Amino acid sequence: MKQKIINMNIFSFTAHFDSEEACRFHFKEQRDKQGIICKKCGHTEHYWKKDKWSYECKSCGFRTSLRSGTIMQNSNLPFLIWYKTMFLMSTTKKGFSAKEIQRQLGFKRYEPVWAMVHKLRKAMGKRDDRYTLEGMIELDEGYFTVESSEIDKQKGKRGRGAAGKQNVAIMAESTPLEDLETGEKSKHVRYFKAKVLDTHQAEELNKTIEGSFNEKSIVFTDKSTSYVDISDYVELHITEKSGKETTQDTLKWVHIFISNAKRNLLGNYHKIKGKYLQLYLNEFVYKLNRRYFGEQLFDRVIVASITGS
Ligand SMILES: [Zn+2]
């Protein structure tokens, strides 16, 4: 039976998910589609024990709760709270801070909300990590302002890795197009990735590239020394001297990404700790990559919450 997709707005959300039970049933339906694997014996067929809200392995009898193996595994929060949060996070392009979500949920304590939101951001990142970029790719680094950690202060980091700035590798699938009649040039952009780099060493960047790009890709960068070995991992590496041309043309989309991401993060979170920057970027990239999904984004976030633990 084909599952109908619910286009989600505040009215349909409250109509569909008016109780804890409604959320649980929906979550089970989504989990069934992903399939359940027995942790003990690897069997994939299960009975559903309604009274226990658990699956029971047909082979060994091992029980798997509805939450087990999902990002809700260690959470005491009701499904309804998770659902409301996933709705809030998927309903705006801009995003909400955990503080704002706490306010919307009417929660007294901040910590459980903060933990839930970060788990969702982590799951979004894991979902995007499944895909590698291909074709023509722009690559550059952006420097994001973060609250410097105590460790950085002790180390007295300077220069490119200076406390207060975190470098991030930004990657965008971007195919140049030329209109044959008018000769007008444009670029078709698809998926993005953003990976926080802890060091400024070529080795770390190479690893990031190896894990993010299809080996048949063509990569465009400026002439930074960190990029010397890229050709070992991809089909072709084209470098250009930094200048107006690279900013406006060759690396156009990574630069648009960097300025939009900075504005978004600054607007939502004010101050970001370096160790959480990747999580905030996960959410930003996840939504950007699904920018044409509209109200179906909510469904996708639920899938990510099932598979992203
Ligand atoms: Zn089993």
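Quick note on numbering: the sequence shown equals residues 140 to 448 in the working numbering.
Note that CB positions come from ideal geometry on N, CA and C, so glycine has one too.
Owing to the predicted nature of the structure, the values given are computational and were not obtained by experimental measurement.
Between the stretch 407–417 and the stretch 382–397 there are fewer than three inter-stretch CB-CB distances shorter than 8 Å, so the stretches are not counted as touching. Judged by DSSP secondary structure, residue 310 falls outside any alpha helix (DSSP H) and instead within the beta strand (DSSP E) spanning 304–317. Taking 7 Å as the cut-off, one finds no heavy atom of ligand 1 near enough to the beta carbon of residue 162. Under the three-state reduction of DSSP, residue 223 is assigned to helix. The C-beta separation of residue 390 from residue 432 comes to about 26 Å, leaving the pair out of contact by the 8 Å criterion. Per DSSP, reduced to three states, the secondary structure at residue 336 is coil, with no helix or strand assignment. If you ignore the 5 residues before and after residue 347, its C-beta comes within less than 6 Å of the C-beta of 308, 334, all in its own chain and listed in chain order. Membership of residue 192 in any beta strand (DSSP E) is not indicated, and neither H nor E is assigned to it by DSSP. By the rule of a C-beta closer than 5 Å to any heavy atom of ligand 1, the residues picked out are 177, 179, 180, 182, 196, 198, 199, 201. Contact annotation: residue 357 and residue 310 have beta-carbon atoms that are not nearer than 8 Å. Here the alpha carbons of residue 371 and residue 443 stand approximately 33 Å from one another. The beta carbon of residue 206 sits closer than 8 Å to the beta carbons of 212, 214 from its chain, once the five residues preceding and following it are set aside; these are given in chain order.
The Cβ atoms of residue 189 and residue 202 do not sit closer than 8 Å to each other. Contact check for residue 418 against residue 232 fails: the beta carbons are separated by 8 Å or more. Within 10 angstroms of the beta-carbon of residue 441 lie 16 or more other beta-carbons, which makes it buried. For residue 210, no alpha helix (DSSP H) segment is defined, and its DSSP state is neither H nor E. Annotation for residue 147: no alpha helix (DSSP H) segment contains it, and DSSP assigns it neither H nor E.
CA-CA distance, residue 318 to residue 170, rounds to 46 Å. In the displayed model, residue 444 falls within a helix according to three-state DSSP.
Secondary structure at residue 431: coil, using DSSP grouped into helix, strand and coil. Pairing residue 164 with residue 375, the inter-Cα distance amounts to about 49 Å. Spanning the alpha carbons of residue 243 and residue 186 requires a straight line of approximately 37 Å. Residue 329 has its alpha-carbon roughly 38 Å from the corresponding atom of residue 204. When secondary structure is reduced to three states using DSSP, residue 166 falls in the helix class.
Look at residue 182 here: in three-state DSSP terms it is coil, with no helix or strand label.
Each of 266, 316, 342, 322 was checked against the Cα of residue 447, and the nearest Cα belongs to 266.
According to DSSP, residue pairing for residue 282 in a beta bridge involves 306. For residue 257, the closest C-alpha among the options 270, 236, 379 is that of 236. Counting the other Cβ atoms within 10 Å of the Cβ of residue 209 gives 16 or more, which makes it buried. Annotation for residue 345: 368, 369, 371, 372 place their beta carbon closer than 8 Å to its own, counting only its chain and skipping 5 residues before and after. Each residue's CA atom was taken as its position, placing residue 246 and residue 253 some 11 Å apart.
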